[in-house]
Amino acid sequence: MVYQHKLSVTTPGRGTVNVTDDIQRQVAAAGIDTGVCNVFLHHTSASLILCENADPTVRRDLEAFMQRLAPDGDPLFKHTDEGPDDMPAHVRSIVTHNSLSLPVTNGRCGLGVWQGVYLYEHRYAPHTRRLTVTVYG
Amino acid sequence: MVYQHKLSVTTPGRGTVNVTDDIQRQVAAAGIDTGVCNVFLHHTSASLILCENADPTVRRDLEAFMQRLAPDGDPLFKHTDEGPDDMPAHVRSIVTHNSLSLPVTNGRCGLGVWQGVYLYEHRYAPHTRRLTVTVYG
Amino acid sequence: MVYQHKLSVTTPGRGTVNVTDDIQRQVAAAGIDTGVCNVFLHHTSASLILCENADPTVRRDLEAFMQRLAPDGDPLFKHTDEGPDDMPAHVRSIVTHNSLSLPVTNGRCGLGVWQGVYLYEHRYAPHTRRLTVTVYG
Numbered sequence: 000m001v002y003q004h005k006l007s008v009t010t011p012g013r014g015t016v017n018v019t020d021d022i023q024r025q026v027a028a029a030g031i032d033t034g035v036c037n038v039f040l041h042h043t044s045a046s047l048i049l050c051e052n053a054d055p056t057v058r059r060d061l062e063a064f065m066q067r068l069a070p071d072g073d074p075l076f077k078h079t080d081e082g083p084d085d086m087p088a089h090v091r092s093i094v095t096h097n098s099l100s101l102p103v104t105n106g107r108c109g110l111g112v113w114q115g116v117y118l119y120e121h122r123y124a125p126h127t128r129r130l131t132v133t134v135y136g
Numbered sequence: 000m001v002y003q004h005k006l007s008v009t010t011p012g013r014g015t016v017n018v019t020d021d022i023q024r025q026v027a028a029a030g031i032d033t034g035v036c037n038v039f040l041h042h043t044s045a046s047l048i049l050c051e052n053a054d055p056t057v058r059r060d061l062e063a064f065m066q067r068l069a070p071d072g073d074p075l076f077k078h079t080d081e082g083p084d085d086m087p088a089h090v091r092s093i094v095t096h097n098s099l100s101l102p103v104t105n106g107r108c109g110l111g112v113w114q115g116v117y118l119y120e121h122r123y124a125p126h127t128r129r130l131t132v133t134v135y136g
Numbered sequence: 000m001v002y003q004h005k006l007s008v009t010t011p012g013r014g015t016v017n018v019t020d021d022i023q024r025q026v027a028a029a030g031i032d033t034g035v036c037n038v039f040l041h042h043t044s045a046s047l048i049l050c051e052n053a054d055p056t057v058r059r060d061l062e063a064f065m066q067r068l069a070p071d072g073d074p075l076f077k078h079t080d081e082g083p084d085d086m087p088a089h090v091r092s093i094v095t096h097n098s099l100s101l102p103v104t105n106g107r108c109g110l111g112v113w114q115g116v117y118l119y120e121h122r123y124a125p126h127t128r129r130l131t132v133t134v135y136g
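Protein chains in written order, with numbering that gives the first Met the number 0: chain A, 0 to 136; chain B, 0 to 136; chain C, 0 to 136.
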């Protein structure tokens, strides 16, 4: 059995948006008791992460880490068509995830207590980001 | 057809634990000839990797790399509630994987000859880590 | 329903090879309208990425980033059996992906407009790399 649903998430610019509830709603709608939920992001300058969901400082520190790893305006990068955050956004996307496969157990995504699913916007500007959620089992 | 099983792995603290055989056992128990096996780790301070399985020096070097990438006690990090390895563990988890989807062929995970599945503990202290293995096909 | 096919891709040495069309062909052959396509690479010194597919400079910059992240011949690495690109290849593989799960919609991989699937060869020498594509739905 397969259930698939597309959704859009509007981001306020760089930073993380908790999409755990959006995904749990789709898993509930799927009516599948046991299986897997695949969450896919159709972009190369934003990404998906599983991150600690209790202390917002974790996501602040993660952002500081990413800025050090691939600094905005880094002279290493020649692809700057859309500004200093253009190529760093692609790098951040590649070293994190565009696709997450999560177990479905008892009709829900069986995440750990401290795990949240976050859409990580890497561009400065707000964007509307498209996701496809596919549940099968 | 879907088969799902939960397992626990006890880690001796930071480092890698080869869980390939644990996963192959679940795939055998599933009795599914052709499909996919999803392995999911329910934590944000440990992760899953596919790594070269012949020379332990590869995993020693990987650990050295991770320590340089996100040093323990790095002053960049403010989230230090659980010690100098707290935030580095979250970063290591995010730049590696919490979910691996592996092909099932002829009733086994069809890994490459040199590929092993490792649970990578990023905290100093021993932990009991929970995994869910879902096989479908 | 499950469809599985193995394919080989010959790389010219370090760099990216666009395999999007190879995967779309397998999804078409699968005859599955709605589901997920898992692409798995059976190696630990090459990897799979979803990357911007319009400007080749993005992949040039990504390569420059990876060389800075894990330099060839880095004295940090002791595993140098196969040369200065040996351990950097393993690191690059682990911080990117060996397995990608992509949604299948209307009988095709539903990628974003700017998303391409690339096999990223991390070794200097040409290699023949094995992939397994599994489509289910």
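Cβ atoms here follow ideal geometry from the backbone N, Cα and C, with glycine treated the same way.
Distance between arginine 13/C and arginine 122/C, taken at the CA atoms: about 5 Å.
Remark: fewer than three beta-carbon pairs, one from each stretch, lie closer than 8 Å, so the region 54-74 of chain B and the region 13-29 of chain A are not flagged as touching. Where isoleucine 22/C is concerned, the enclosing alpha helix (DSSP H) starts and stops at 19-29.
Between the alpha carbons of serine 46/C and valine 8/A lies a gap of roughly 29 Å. Flagged as an interface residue toward chain C: phenylalanine 64/B, by a C-beta distance shorter than 8 Å. Counting C-beta pairs with one atom in each stretch, the region 64-80 of chain A and the region 96-113 of chain B have fewer than three that are closer than 8 Å, which means they do not touch. For glycine 34/A, the neighbours in chain B by C-beta distance under 9 Å run, in chain order, Val1, Gln3, Thr133 and Tyr135. Beta-carbon to beta-carbon, phenylalanine 39/B and aspartate 60/A are separated by about 24 Å, too far to satisfy the 8 Å threshold. Per DSSP, histidine 78/B has no beta-bridge partner at all.
Cβ-Cβ separation between asparagine 105/C and proline 102/B: approximately 24 Å, too far for a contact (criterion under 8 Å). Annotation: alanine 45/C is outside any alpha helix (DSSP H); the continuous beta strand (DSSP E) that includes it extends over 45-51. Non-local C-beta neighbours of valine 90/A in its own chain, meaning closer than 8 Å and more than five positions away in sequence, comprise Leu68 and Ala69, ordered along the chain.
Contacts with chain A at 8 Å (Cβ-Cβ) include isoleucine 48/C. Each residue's CA atom was taken as its position, placing leucine 6/A and alanine 29/C some 26 Å apart.
For leucine 6/B, the enclosing beta strand (DSSP E) begins and ends at 1-10.
Around threonine 127/C, the same chain offers Ser7 and Thr9 as residues with beta carbons nearer than 7 Å, after the five sequence neighbours per side are excluded. The straight-line gap separating the alpha-carbon atoms of leucine 49/C and glutamine 3/A is approximately 21 Å. Here the C-alpha atom of isoleucine 22/A lies approximately 10 Å from the C-alpha atom of threonine 131/A. Each residue's CA atom was taken as its position, placing threonine 133/A and aspartate 80/C some 43 Å apart.
Taken in chain order, the members of the region 88-119 of chain B whose beta-carbon sits within less than 9 Å of a beta-carbon on chain A are His89, Val90, Ser92, Ile93, Val94, His96, Asn97, Ser98, Leu99 and Ser100. Rounded to the nearest whole angstrom, the CA to CA distance from valine 35/A to valine 116/A is 15 Å. Proline 125/B is a Cβ neighbour of proline 11/B, given a cutoff of 8 Å. About 6 Å separates the CB atoms of tryptophan 113/A and threonine 43/B; that is less than 8 Å, so the two are in contact. In terms of Cα proximity to histidine 78/A, the closest of Asn52/C, Ala27/C and His78/C is Asn52/C. The beta carbon of arginine 107/C sits closer than 8 Å to the beta carbons of Gln23, Val26 and Ala27 from its chain, once the five residues preceding and following it are set aside; these are given in chain order.
Residue pairing of valine 16/C in beta bridges, as defined by DSSP: Leu118/C. Residues of chain C whose Cβ lies closer than 7 Å to the Cβ of histidine 78/A are, in chain order, Asp54, Thr56, Val57 and Asp60.
Among the residues facing chain A, histidine 126/B is not included, as its CB has no counterpart in that chain under 8 Å away. Going by beta carbons, leucine 118/C and histidine 41/A fall outside the 8 Å limit.
Residue nearest to glycine 136/A within the set Met65/A, Ser100/A and Phe64/A is Ser100/A (criterion: CA-CA distance). The bridge partners DSSP lists for proline 70/C come to none. Bridge pairing for histidine 89/B: absent [DSSP]. Against chain A, the CB of alanine 69/B has a partner CB under 8 Å away; the residue lies at that interface. Close CB contacts of methionine 0/A within its chain, under the 7 Å cut and outside five residues either way in sequence, are with Ile31, Tyr135 and Gly136 (chain order).
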